[in-house]
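Under full-length UniProt numbering, residues 1 to 75 are what the sequence shown spells out, in order. For reference, the structure discussed in these notes is given below.
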Amino acid sequence: MFGLGKNRSKLGKWLDNRGISQQWLVKKSGLGRNTISDLTTGDNEREPNAKTMKKILSALRELDPKVKSDDFWKM
Numbered sequence: 001m002f003g004l005g006k007n008r009s010k011l012g013k014w015l016d017n018r019g020i021s022q023q024w025l026v027k028k029s030g031l032g033r034n035t036i037s038d039l040t041t042g043d044n045e046r047e048p049n050a051k052t053m054k055k056i057l058s059a060l061r062e063l064d065p066k067v068k069s070d071d072f073w074k075m
């Protein structure tokens, strides 16, 4: 089970629904574990800067080419 009962952001829920671990996103995006953890936790609804967002979207598009920033963050 992913998420472990924690509040999840839209990004966190997207990963959970597809059975994708945060560690996978860390490896694919090249971002730090704490950054990914912050962005998948629903408590703070943190929005990434443009460079971070681009790295995350690039990794996720390997799985779903139609994914876009609006799916996760208010623009």
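The beta-carbon is built from N, C-alpha and C at its ideal position, and this holds for glycine as well. Predicted model only: the values in this text are computed from it and were never measured.
Straight-line Cα distance separating residue j from residue i
{"i": "LYS51", "j": "ASN7", "result": "25 Å"}
{"i": "THR40", "j": "GLU62", "result": "19 Å"}
{"i": "LYS68", "j": "LEU57", "result": "7 Å"}
{"i": "MET75", "j": "GLY12", "result": "18 Å"}
{"i": "SER37", "j": "GLN23", "result": "9 Å"}
Neighbour flag for residue i against chain C, beta carbons, 9 Å
{"i": "LYS74", "result": "Among the protein chains of the structure shown there is no chain C, as only one such chain exists."}
Residue(s) in a DSSP beta bridge with residue i
{"i": "ARG8", "result": "THR41"}
Burial state of residue i, where buried means 16 or more other Cβ atoms lie within 10 Å
{"i": "PRO65", "result": "exposed"}
Reference residue i; option with closest CA among the options
{"i": "ILE20", "options": "ALA59, ARG46, LYS54, ASN49", "result": "ALA59"}
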